[in-house]
Amino acid sequence: MSAEPLILTSSAAKRVAFIASKQSRPAILRLAVEGGGCSGFQYKFDLAEAPEADDSISETDGVKLVVDPVSLDLIAGSTVDFVESLGGAAFKVENPQAAAGCGCGASFGI
437 MSAEPLILTS SAAKRVAFIA SKQSRPAILR LAVEGGGCSG FQYKFDLAEA PEADDSISET
497 DGVKLVVDPV SLDLIAGSTV DFVESLGGAA FKVENPQAAA GCGCGASFGI
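Our numbering numbers the first residue of the sequence shown as 437 and each following residue consecutively.
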């Protein structure tokens, strides 16, 4: 496994920095995987105050992306992006391990 198994795009980093500054919080995005969603697993995003000791940390433009070890097993090699379209704006995970997904892009199966 590489030293930085996850990639946070510049677009996503910029959005996290914006949200964090509005909430007066550190620019640390936590990505976790939970059971549920229409395909078996779903992504959960939240701002974190600080990384946990066992988190995997990737950094782009001064913004950190942190992931716990259990979630990392399911999303290693993923890219986290922020996309804006006519349908709205959202963080999007491009997960090479996902064998199935759903139309909303918020859940996946392996």
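Built from N, CA and C at the ideal position, the CB exists for glycine as well.
Strand pairing of residue i, partner residues [DSSP]
{"i": "F454", "result": "None, per the DSSP bridge assignment."}
{"i": "S492", "result": "V503"}
{"i": "G471", "result": "F477"}
{"i": "E485", "result": "Note: E485 sits in no beta bridge, so no partner."}
C-alpha distance - residue i paired with residue j, whole-angstrom precision
{"i": "P462", "j": "K450", "result": "13 Å"}
{"i": "E470", "j": "S507", "result": "8 Å"}
Own chain partners of residue i with C-beta closer than 6 Å, once the 5 adjacent residues on each side are dropped
{"i": "L444", "result": "S494, T496, L501 and V516"}
{"i": "P505", "result": "D490"}
Close-in-space but distant-in-sequence residues of the same chain around residue i (CB under 7 Å, 5 per side omitted)
{"i": "V452", "result": "A463, L465 and V499"}
{"i": "S456", "result": "This sequence places Ala at residue 456; Ser is not what is there. Hits under 7 Å: P462, A463 and L483."}
{"i": "A448", "result": "V516, D517, F518 and F527"}
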